[in-house]
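K.L.:
I am attaching a structure below and will ask some questions about it afterwards.
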Amino acid sequence: MTEKKAVPKVTKITTQKREGRYNVFLDDQYAFPISEDVMIKYRIFKGMEIDKQLQEEILAADDVSKAYSRALAFLSGHLRTEKEIQQKLREKEIPEPTIEATLKKLRELNLVDDLQYAQSYVRTMARTSDKGPIVITRNLRTKGILENDIEQALLEYPADDQVANGIEIGEKLSHHYRRDPVSKMKQKVRQGLMTKGFTGDVITQILEQMEFEIDPDLEDEKLKSEFEKVWNRNRRYAFSQRKMRTRRTLYGKGFQSDAINRLIDEQEDLK
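With the first letter of the sequence shown counted as 1, position 245 gets the number 245 in full-length UniProt numbering; the numbers rise by one all the way through.
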């Protein structure tokens with residue numbers, strides 16, 4: 001009759017230099033390292049029997065413990081999404097089952113919550129950036145946030161706040177384009193707000209509430225300056241073609257037809 005092999009026993013537990021880490025010896029031979037929380041969870045003590053199956057379970061739990069510690073370090077002082085934590089742990093070449101077990105533990109302890117992250121992100125962007133909801137949505141998708149969570153998080157940035165922020169942004173843009181005709185300035189402000197991620201409806205409300213001051217003298221100065229450049233550029237054409245090309249170019253730049261025609265009429269008088 002074959003004698004049954006004895007189950008290894010814990011004969012010694014020593015501390016590592018790294019705080020919270022221990023070395024376990026089975027039958028006076030070094031067996032494996034573990035963290036303090038795993039040691040407590042499995043109630044590991046001197047004289048305890050640990051068979052192969054239990055040892056594998058302990059080692060798997062220790063892998064999760066190490067991954068969890070790395071995740072906590074990554075989370076320190078910052079909210080993170082599940083995708084960001086997952087990517088960070090993958091960089092450490094941690095196996096996928098361990099990563100998933102780590103994320104599960106983080107969820108259970110409310111240390112990772114994509115909806116909470118998205119809500120905080122939207123509030124911060126609304127308060128500190130010039131980005132509208134379209135850009136914010138795109139950024140959240142990149143961070144792995146699901147559509148339902150994004151939709152709920154955007155409630156933190158209501159339309160009234162978007163309009164208020166948009167007016168401030170629009171005024172900065174209009175100052176930048178102040179040398180353009182008013183109609184062209186409005187067009188560029190609209191394009192700028194679209195680029196920053198505001199929706200068409202909100203942009204319309206923004207433009208309606210903005211005050212685009214028209215200085216007739218400055219408008220006239222702008223037109224005369226542009227007219228001179230365009231008129232000279234078209235001097236190689238016959239007079240009728242020159243008028244048509246000049247009128248079309250200046251109208252495309254946002255100047256009023258009556259004002260353009262007035263300058264063209266002056267050129268007629270100089271013929």
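Ideal Cβ positions, reconstructed from N, Cα and C, are used throughout, including at glycine. Note that the coordinates shown come from a computational prediction; the quantities given were computed from them, not determined experimentally.
So, at 6 Å on beta carbons, what are the nonlocal neighbours of residue 232 in its own chain, with the 5 sequence-adjacent residues on each side left out?
P.N.:
Counting only Cβ-Cβ distances below 6 Å, and skipping sequence neighbours, we find nothing.
K.L.:
Note down the Cα distance separating residue 203 from residue 194, rounded to an integer number of angstroms.
P.N.:
8 Å
K.L.:
Can you confirm whether the segment 99 to 114 touches the segment 79 to 89 when touching is taken to mean that 3 or more C-beta pairs between the two stretches lie within less than 8 Å?
P.N.:
They touch, by the three-pair rule.
K.L.:
Beta-carbon within less than 7 Å of residue 123's beta-carbon, same chain only, minus the 5 sequence neighbours each way: which residues are those?
P.N.:
156
K.L.:
Kindly list the residues whose CB is nearer than 6 Å to the CB of residue 249, restricted to its own chain and excluding five residues on each side of it in sequence; keep chain order.
P.N.:
Hits under 6 Å: 230.
K.L.:
Below 8 Å CB to CB, which residues in the same chain sit around residue 150 once its five sequence neighbours on both sides are set aside?
P.N.:
For residue 150, where only same-chain residues beyond five positions count, the Cβ hits under 8 Å are 118, 137, 140 and 141.
K.L.:
With a threshold of 6 Å on Cβ separation, who are the neighbours of residue 58 within its own chain once the five nearest residues in sequence on each side are excluded?
P.N.:
42
K.L.:
Let me confirm a value: residue 162 is counted as buried when at least 16 other C-beta atoms fall within 10 Å, else exposed. Which label applies?
P.N.:
Buried, because 16 or more other Cβ atoms sit within 10 Å of the Cβ of residue 162.
K.L.:
Report yes if the C-beta distance between residue 169 and residue 188 is below 8 Å; otherwise report no.
P.N.:
no
K.L.:
Using only the alpha-carbon positions, how far apart do residue 28 and residue 120 sit?
P.N.:
53 Å
K.L.:
Using only CA atoms, which one of 64, 76 and 44 lies nearest to residue 10?
P.N.:
44
K.L.:
Rounded to whole angstroms, how far is the Cβ of residue 260 from the Cβ of residue 251, which I believe are closer than 8 Å?
P.N.:
Contact holds; Cβ gap of about 6 Å.
K.L.:
I'd like the list of long-range same chain contacts for residue 1, defined as Cβ closer than 7 Å, with 5 residues on each side in sequence excluded.
P.N.:
Only weak support exists for where residue 1 lies, its pLDDT of 47 falling under 50; the coordinates are left without a value.
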